[in-house]
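The next block holds one structure in the form of structure tokens; read it before the comments.
Residue numbers (my numbering), protein chains in the order written: chain L, 1 to 318; chain H, 1001 to 1318.
Rendered as structure tokens:
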């Protein structure tokens, strides 16, 4: 039996079906060689249900449009995690996940917070991802964006090394830079469109760049795996983006600490497609209490956001 | 003596001067707490000479406008590195650096290629950075871009954890997202302006977004530590960017495998400021030969690029 192996360096997983049946060769079996970040990391090569279907199922199951951002700052951790090595960050994340997993429809770890902690931080990320239940999708908030062969490497890192279900990307360099991520048909990419920060006025708003991005991505979404990032502080403009890209799901940050209106965001963003609205909250859940009751407080905050968001779903559409 | 310590998790380095002389307290000494990615990594907290001065010195010393991109793909490594664990990538990079360090003015490792190799890849990156001589600046090609508190984490990762001298950033989310990087006054940020890939036509060119970016960054450069990324394939437009941002140094990829003209790029981009032009070549140097002579071939290729680029420096200005 011949095998086709990409010269890599990690675990080997057989494909479910032979990729060639050449009788001369007796059949050619594809072997996928996966890059594994560290011993014991779970295999991430199995094809999954399409991301937005998984998201919609998780939203239905937990009756929740809420995504919790896992952006741990070691300086802000509550009382039980004030001291000790950097792996206390992983224990904090594990406690947050345990306290909220039945109230959210996704988690969104922001890569920056882990990278800032060095290699140990990447082990924190690994432990964090392992703590997320299989039925709750993970969005890698990494905002990558680079030309073709480099984008392929980033896609491999996010989807194969880390096994994330979706990723955030920057559109600046163009559609060809998104393609290596979109080629993973079972995963998804949320592309930056109109963000919640003041700097949105510098390059996103002038010339209606954000609508150009929305429209181009709506047309480019042949595999049904593109979403947009639209900030909750951009009231009035969220509905413009919805008109420019009627079918794309939105990931909406900016609620909570950043002050965006959850009601307007959900109502302006609502669309027909499953998973059309996902609202991210980070600090207001993670740091709901700085005391020993941090997990109960995080759970209560998440449940309040969950109920509030459910209440804003348009009746005739929900 | 009181010390002010950010609750972090790594080495401690005393500041050179006290930051307060309150006689009641007997003096307050600032202590910087650095995040160190792994045992033995060099300290990166010392303030450096401003980046573009360091770059100009390296360009003068080696008579070179050439930056070599350290973007190692394990599948493409030459004969001596075809087999073995992933650390063979570090050995390859070390050999390339050894063969070219007196011919270049900077190295530009692209983070994607290391991230794609998992945690082991970050150790490869660590060994690669350690192999670069102190007088040759390192540009972290990471193309990051995120809102304030997240950008702070990315800046800490790139400049403190990894100790890079400069970084590439995406402008999409606005000037406030660049600020946490620019606050490191001794480092620099090359911001994406007009890139060498076909997708530049999607969002960079329409509405002359690239000139808006160039102009805004030219005005924003109060610390003298902003540069622009301008692709060598964009002939005719490089001089437009130069007019829009007369004082910003350019990092120019797209020469070599991507087919951009080095002559036109250097001549259109040339400016008065030290380090105004830096031309990056990756694959044409790294993979100049797939045989055992890879290092000699890389050296010869780098020297050819170096000489060629020197020949294009405008006489009256150079």
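Beta carbons are placed, not taken as given, at the ideal position from N, Cα and C, and that holds for glycine.
Mind checking whether residue i and residue j have CB atoms under 7 Å apart?
{"i": "residue 301 of chain L", "j": "residue 96 of chain L", "result": "no"}
{"i": "residue 311 of chain L", "j": "residue 1170 of chain H", "result": "no"}
{"i": "residue 1229 of chain H", "j": "residue 1238 of chain H", "result": "no"}
{"i": "residue 140 of chain L", "j": "residue 164 of chain L", "result": "yes"}
{"i": "residue 207 of chain L", "j": "residue 233 of chain L", "result": "no"}
{"i": "residue 1142 of chain H", "j": "residue 1162 of chain H", "result": "no"}
{"i": "residue 133 of chain L", "j": "residue 292 of chain L", "result": "no"}
{"i": "residue 1125 of chain H", "j": "residue 1114 of chain H", "result": "yes"}
{"i": "residue 1196 of chain H", "j": "residue 1267 of chain H", "result": "no"}
{"i": "residue 172 of chain L", "j": "residue 1172 of chain H", "result": "yes"}
{"i": "residue 188 of chain L", "j": "residue 166 of chain L", "result": "yes"}
{"i": "residue 105 of chain L", "j": "residue 149 of chain L", "result": "no"}
{"i": "residue 1086 of chain H", "j": "residue 1120 of chain H", "result": "yes"}
{"i": "residue 216 of chain L", "j": "residue 244 of chain L", "result": "no"}
{"i": "residue 1226 of chain H", "j": "residue 1211 of chain H", "result": "no"}
{"i": "residue 1320 of chain H", "j": "residue 1090 of chain H", "result": "For chain H, the structure presents residues 1001 to 1318; residue 1320 of chain H sits outside this window and is missing."}
{"i": "residue 1072 of chain H", "j": "residue 1092 of chain H", "result": "yes"}
{"i": "residue 1256 of chain H", "j": "residue 1281 of chain H", "result": "yes"}
{"i": "residue 186 of chain L", "j": "residue 48 of chain L", "result": "yes"}
{"i": "residue 1306 of chain H", "j": "residue 1064 of chain H", "result": "yes"}
Quick one: which chain H residues come within Cβ less than 9 Å of residue i?
{"i": "residue 56 of chain L", "result": "None at all; the shortest Cβ gap to chain H is about 27 Å."}
{"i": "residue 161 of chain L", "result": "1115, 1116, 1117, 1118, 1119, 1121"}
Since residue i is in the beta strand (DSSP E), which residue starts that stretch and which ends it?
{"i": "residue 195 of chain L", "result": "First-last for residue 195 of chain L: undefined, no H or E at that position."}
{"i": "residue 1047 of chain H", "result": "Here residue 1047 of chain H belongs to no beta strand (DSSP E), and DSSP marks it neither H nor E."}
{"i": "residue 229 of chain L", "result": "226-230"}
{"i": "residue 106 of chain L", "result": "106-109"}
{"i": "residue 217 of chain L", "result": "From DSSP, residue 217 of chain L is part of no beta strand (DSSP E) but of the alpha helix (DSSP H) over 209-220."}
{"i": "residue 278 of chain L", "result": "277-281"}
Have a look at the options and flag the residue whose alpha-carbon is nearest the alpha-carbon of residue i.
{"i": "residue 1193 of chain H", "options": "H:1203, H:1131, H:1067, H:1126", "result": "H:1203"}
{"i": "residue 274 of chain L", "options": "L:130, L:251, L:294", "result": "L:251"}
{"i": "residue 1284 of chain H", "options": "H:1069, H:1277, H:1055", "result": "H:1069"}
{"i": "residue 1199 of chain H", "options": "L:160, L:147, L:195", "result": "L:147"}
{"i": "residue 1103 of chain H", "options": "H:1308, H:1173, H:1315, H:1313", "result": "H:1308"}
{"i": "residue 153 of chain L", "options": "L:195, L:249, L:179, L:67", "result": "L:179"}
{"i": "residue 1276 of chain H", "options": "H:1066, H:1085, H:1155", "result": "H:1066"}
{"i": "residue 1241 of chain H", "options": "H:1047, H:1185, H:1119, H:1269", "result": "H:1269"}
{"i": "residue 1272 of chain H", "options": "H:1120, H:1156, H:1313, H:1288", "result": "H:1313"}
{"i": "residue 1116 of chain H", "options": "L:225, L:123, L:156", "result": "L:156"}
{"i": "residue 1304 of chain H", "options": "H:1131, H:1246, H:1100", "result": "H:1100"}
{"i": "residue 1054 of chain H", "options": "H:1181, H:1083, H:1122, H:1137", "result": "H:1137"}
{"i": "residue 118 of chain L", "options": "H:1281, H:1088, H:1158", "result": "H:1158"}
{"i": "residue 82 of chain L", "options": "L:290, L:94, L:51, L:295", "result": "L:290"}
{"i": "residue 1051 of chain H", "options": "H:1209, H:1201, H:1181", "result": "H:1181"}
{"i": "residue 279 of chain L", "options": "L:265, L:209, L:201", "result": "L:265"}
Closer than 7 Å by beta-carbon distance: list the chain L residues that pair up with residue i, in chain order.
{"i": "residue 1243 of chain H", "result": "The contacting residues do not exist; residue 1243 of chain H stays about 19 Å from chain L at best."}
{"i": "residue 1212 of chain H", "result": "203, 206"}
{"i": "residue 1146 of chain H", "result": "112, 143"}
{"i": "residue 1192 of chain H", "result": "172, 173"}
{"i": "residue 1233 of chain H", "result": "Going along chain L, no residue has its Cβ under 7 Å from residue 1233 of chain H, so there is no contact; the nearest lies around 11 Å."}
What residue range does the alpha helix (DSSP H) around residue i cover?
{"i": "residue 303 of chain L", "result": "294-311"}
{"i": "residue 1238 of chain H", "result": "1237-1244"}
{"i": "residue 1166 of chain H", "result": "Looking at the DSSP string, residue 1166 of chain H is not in any alpha helix (DSSP H); the run it does join, the beta strand (DSSP E), is 1166-1169."}
{"i": "residue 88 of chain L", "result": "88-100"}
{"i": "residue 1138 of chain H", "result": "Element bounds for residue 1138 of chain H: n/a, residue is neither H nor E."}
{"i": "residue 1181 of chain H", "result": "1179-1182"}
{"i": "residue 247 of chain L", "result": "Segment: none, residue 247 of chain L is in no alpha helix (DSSP H) and carries neither H nor E."}
{"i": "residue 70 of chain L", "result": "Unbroken run through residue 70 of chain L is the beta strand (DSSP E), 66-70; no alpha helix (DSSP H)."}
{"i": "residue 267 of chain L", "result": "262-269"}
{"i": "residue 152 of chain L", "result": "148-155"}
{"i": "residue 125 of chain L", "result": "118-131"}
What residues from chain L crowd round residue i, counting only those whose CB sits closer than 8 Å?
{"i": "residue 1156 of chain H", "result": "116"}
{"i": "residue 1198 of chain H", "result": "174, 176"}
{"i": "residue 1284 of chain H", "result": "Ordered by position in chain L, no residue passes the 8 Å Cβ test against residue 1284 of chain H, which lies about 13 Å from the chain."}
{"i": "residue 1222 of chain H", "result": "Correct list: empty, because the minimum Cβ distance to chain L is about 16 Å."}
{"i": "residue 1128 of chain H", "result": "Those within 8 Å of residue 1128 of chain H in chain L number zero; the least Cβ separation is about 14 Å."}
Note down, in chain order, every chain H residue with its Cβ under 8 Å from the Cβ of residue i.
{"i": "residue 171 of chain L", "result": "1172, 1202, 1203"}
Output, in chain order, the set of chain L residues within a Cβ distance shorter than 9 Å of residue i.
{"i": "residue 1046 of chain H", "result": "Those do not exist, as residue 1046 of chain H stays about 18 Å from chain L at its closest Cβ, beyond 9 Å."}
{"i": "residue 1216 of chain H", "result": "202, 203"}
Against residue i, what residues of chain H qualify as contacts under a CB-to-CB distance less than 7 Å, listed in chain order?
{"i": "residue 261 of chain L", "result": "The premise fails here: residue 261 of chain L is roughly 18 Å from chain H at the closest Cβ pair, so nothing lies under 7 Å."}
Practice problem: Please confirm if the stretch 202-221 of chain L is in contact with the stretch 64-80 of chain L, defined as three or more CB-CB distances below 8 Å between the two stretches. | Solution: Two segments are said to touch when three or more pairs of C-beta atoms, one from each, lie closer than 8 Å; by this definition the stretch 202-221 of chain L does not touch the stretch 64-80 of chain L.
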